[in-house]
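Peer 1: Mind looking over this structure? Questions follow.
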Amino acid sequence: MARFGLRPEDYPEEEFGVWPENWQVFDIFLSMQTQWRMGANGPTGLDYAALESLFRMNRVKRKQQRDHLEAIQIMERAALKAMAENR
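So the sequence shown is residues 1 to 87, counted in the UniProt record's numbering.
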């Protein structure tokens, strides 16, 4: 992690709730945790190339995929902001 500018404290252990209707998209976001694109200053965003296969594996219907992508992008922006604040 340190090689990419990340530290264990970038990921504090906090308890939080996930509404039942958000579990699938949250689980997909967690599955993307190894898919960060890295730049010279650290993570720049998720590699969406892996997302289509995750949608298939999680049986996300095509009509739900846009909503799921938008939710993942919200979490992605929040994660990028948190990682940038901790640099």
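Even glycine gets a Cβ: it sits at the ideal position worked out from N, Cα and C.
Source: prediction; values computed, not measured.
Along the chain, where does the beta strand (DSSP E) that runs through Leu-6 open and close?
Peer 2: Residue mapping note: residue 6 aligns to position 6 of the sequence shown, counting from 1. No beta strand (DSSP E) holds Leu-6; DSSP gives it neither H nor E.
Peer 1: Per DSSP, Leu-46 is paired with what?
Peer 2: On the sequence shown, residue 46 is found 46 positions in, with the first residue counted as 1. DSSP lists Trp-36 as partners of Leu-46.
Peer 1: So, using beta-carbon positions, are Pro-43 and Ala-79 closer together than 9 Å?
Peer 2: The count along the sequence shown starts at 1 and reaches residue 43 at position 43. The count along the sequence shown starts at 1 and reaches residue 79 at position 79. Yes, these two residues count as a Cβ contact at 9 Å.
Peer 1: List the whole-angstrom C-beta distance separating Arg-87 from Gly-5, where the pair is believed to meet the contact cut-off of C-beta under 8 Å.
Peer 2: The residue you call residue 87 lines up with position 87 of the sequence shown. The residue you call residue 5 lines up with position 5 of the sequence shown. That belief holds up - the Cβ atoms of Arg-87 and Gly-5 are roughly 6 Å apart, short of 8 Å.
Peer 1: Quick one: what does DSSP say Arg-66 is sitting in, helix, strand or coil?
Peer 2: The residue labelled residue 66 in the question sits at position 66 within the sequence shown. Three-state DSSP puts Arg-66 in a helix.
Peer 1: Return the CA-CA distance between Phe-55 and Leu-46, expressed in angstroms with no decimal places.
Peer 2: Within the sequence shown, numbered from 1, the residue matching residue 55 stands at position 55. Within the sequence shown, numbered from 1, the residue matching residue 46 stands at position 46. Distance between the alpha carbons of Phe-55 and Leu-46: 15 Å.
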